[in-house]
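All remarks here apply to the structure that follows.
Chains as they are written, first to last, in my numbering: chain A, 58 to 256; chain B, 846 to 1284.
Structure below.
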């Protein structure tokens, strides 16, 4: 029996579109150009990372606050660019900043996150024969929203961002073992939620 | 491998995160265990469904129209404000050029190309150096203003500590690398001039642990900020023994006994009292589980800070007692948590607290983003440079050109760093002054 399973991060993820030939400068070159205030560098930075960060912000804070959160994230990144040492990938670094901004956001708003998909989220209409399967997926997704913050965040970083355990640990500032146990816990809870609903 | 060992590893296998050796062992087990194999199939199926569910939802998420462009423009605007070339620099270049041309005009001969190039580089270097001095002075003024605007009569109030902490961090970074003797550095730690004080503190913090005995001797020879220098001595001792390395530690003599409290980098706290060492998971844990010992040695915690015999050792800004004080760790988050805590004691409505936090944050940000001042001129003695250059041989000119080119790289980096620090110093001043207005 073939039990090889590809890691998610290696799978064909919608975000993994090829970069255009002009945007081949390295991350440190890009950061240096941003620090020098080059317009083209900012365009490249936003072009490369906006959508990823937006999607994650959308998952964390809900649709109506996602754009503001991403804006704050990029501005905070500009302010602390001199601290970017290239020890982690630029995307991971931006995600860490997003997380920090999100914690500020949570403190300021002191309320539950909004539904994950709302007015700004375009939901594709499924074909009739897809509906049965999609209902099941939809149910799983609905349950993701009910997970505690730390589990949901870890799950999103793994499945939506495609980060490896080690990268998630760096972003969250916790040991890899914690990432592993949170993912396990998140999936267990989801599985139980889905099972109890089916029952 | 038993089934109990295998089950937790299945998840990692599905995620592609199992180490090769562990994977081999697991596969051996799976080959002979149909229950675990079924378990694996379940996990794979569920993970795939989960991934599909998330993919399906997040694929359809689109940013609002124009959001990317807006962020690009905001970044560009913020960057311009931060990097804005000060008017006085431009003025200095123009003055320098005019004076220089006049000097050449009345000179005996036209300069060679190399002479002109070297003169130009020297002039730019002098302008940079002058601007660095000016920026350092301005940062010093902002920090002094911030420190004087103490928001609370209580020196242990979180915002007061946050301001002191922030100022200490900025001070240590405005410092030029010092080439002074240890007794001089010790004495400078108590200097009234923030730049001198910062330079000394920064140099002492970078000291090699092997020089800890020299530093102890220097303390005997010279008087400075004793508490700070003692802290450095302890840090150097800690660094010399990596296992014991603490994030921060404080020692005090209480009723004739030495009490030492330190926090490791992982948050564990160690209290050393005569004949006994107590470890706890954190400050809160220590105070709870060893209340009697803490009382006996005057280790106390109240309203968000920890004291040993009245000396502040830790500040609780984040709901957990954390030794922030004098750690050199200072972030915006610490500052705003401190303000939030302070405001919460004055304004009962939590929503109002957040409104106030937001207001002050906006005010600080406006100050930080303000372009650099354009008042004042930087005067560079171009005639002196011309004279200097004319006196150089060809080889000296070549050497100077290369040397100054290297110096300029350092100065450029330093200038950028100082502009950034100045923004922070301004933000800190606005933070402190904002609280004075609140009073």
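The beta carbon of each residue, even a glycine, is placed where N, CA and C say it ideally should be.
Starting from residue i and walking both ways along the beta strand (DSSP E), at which residues does that stretch end?
i	result
residue 1124 of chain B	1121-1125
residue 1115 of chain B	1114-1118
Just to confirm, is the Cβ distance from residue i to residue j under 8 Å?
i	j	result
residue 899 of chain B	residue 198 of chain A	yes
residue 1007 of chain B	residue 1180 of chain B	yes
residue 107 of chain A	residue 148 of chain A	no
residue 1201 of chain B	residue 1213 of chain B	no
residue 251 of chain A	residue 195 of chain A	no
residue 1068 of chain B	residue 1032 of chain B	yes
residue 1019 of chain B	residue 1263 of chain B	yes
residue 985 of chain B	residue 1040 of chain B	yes
residue 892 of chain B	residue 859 of chain B	yes
residue 1274 of chain B	residue 1065 of chain B	no
residue 1015 of chain B	residue 1268 of chain B	no
residue 1142 of chain B	residue 1198 of chain B	no
residue 960 of chain B	residue 1242 of chain B	yes
residue 970 of chain B	residue 1252 of chain B	yes
Taking the continuous alpha helix (DSSP H) assigned at residue i, which residues delimit it?
i	result
residue 991 of chain B	958-993
residue 99 of chain A	96-118
residue 849 of chain B	848-859
residue 91 of chain A	84-92
residue 1238 of chain B	Run containing residue 1238 of chain B: none; DSSP gives neither H nor E here.
residue 216 of chain A	206-216
residue 1043 of chain B	1039-1050
residue 1062 of chain B	1057-1066
residue 877 of chain B	865-877
residue 1199 of chain B	1195-1214
residue 1031 of chain B	1027-1033
residue 228 of chain A	222-229
residue 1134 of chain B	1128-1134
Using a Cβ-Cβ cut-off of 8 Å (strictly less than) and excluding sequence neighbours within five positions of residue i, which residues of its own chain qualify?
i	result
residue 64 of chain A	Because residue 64 of chain A carries a pLDDT of 31, less than 50, the predicted location of this residue cannot be relied on, and no value is offered for it.
residue 807 of chain B	Because chain B spans 846 through 1284 in this model, residue 807 of chain B falls outside it and cannot be assessed.
residue 130 of chain A	110, 114, 151, 154, 155, 158
residue 1257 of chain B	973
residue 1034 of chain B	1042, 1045, 1046, 1049, 1069, 1070, 1073, 1074
residue 139 of chain A	92
residue 1038 of chain B	985
residue 185 of chain A	Bear in mind that a pLDDT of 40 at residue 185 of chain A, under 50, signals an unreliable position, so the number given afterwards is only what the model happens to contain. Excluding sequence neighbours, residue 185 of chain A sits near nothing in its chain.
residue 204 of chain A	212, 243, 246, 247
residue 923 of chain B	1214
So, at 6 Å on beta carbons, what are the nonlocal neighbours of residue i in its own chain, with the 5 sequence-adjacent residues on each side left out?
i	result
residue 874 of chain B	846, 851
residue 1230 of chain B	964, 967, 968
residue 945 of chain B	With a pLDDT of 46 at residue 945 of chain B, under the threshold of 50, the modelled position of that residue is not reliable, and the figure given next carries that caveat. Hits under 6 Å: 1227.
residue 78 of chain A	Residue confidence for residue 78 of chain A is low, a pLDDT of 34 falling below 50, so the modelled location carries little weight; the figure read from the coordinates is stated next. Around residue 78 of chain A: no qualifying Cβ.
residue 1081 of chain B	1054, 1057
residue 865 of chain B	none
residue 1139 of chain B	1132
Looking only at its chain, what residues have a beta carbon closer than 7 Å to the beta carbon of residue i, apart from the 5 residues adjacent to it on each side?
i	result
residue 1027 of chain B	1059, 1060, 1063
residue 242 of chain A	208
residue 867 of chain B	854
residue 903 of chain B	none
residue 240 of chain A	211, 212, 215
residue 133 of chain A	154, 158
residue 162 of chain A	118, 122, 126
Would you call the stretch 227-239 of chain A and the stretch 146-153 of chain A in contact, with 3 or more CB pairs under 8 Å?
-> yes
Determine, using beta-carbon pairs with one atom in the stretch 241-248 of chain A and one in the stretch 198-215 of chain A, whether at least three such pairs fall under 8 Å.
-> yes
Evaluate the contact criterion for the stretch 871-879 of chain B versus the stretch 909-920 of chain B: three or more CB pairs, one atom per stretch, below 8 Å.
-> no
Cβ contact check for the stretch 90-99 of chain A and the stretch 113-124 of chain A: 3 or more pairs under 8 Å | no
Determine, using beta-carbon pairs with one atom in the stretch 975-987 of chain B and one in the stretch 1236-1252 of chain B, whether at least three such pairs fall under 8 Å.
-> no
Contact between the stretch 884-893 of chain B and the stretch 918-925 of chain B: three or more CB pairs below 8 Å?
-> no
For the stretch 1251-1265 of chain B, which residues have a CB atom closer than 9 Å to at least one CB atom of chain C, in sequence order?
-> Going by chain labels, chain C is absent from the structure shown, which instead holds the protein chains A and B.
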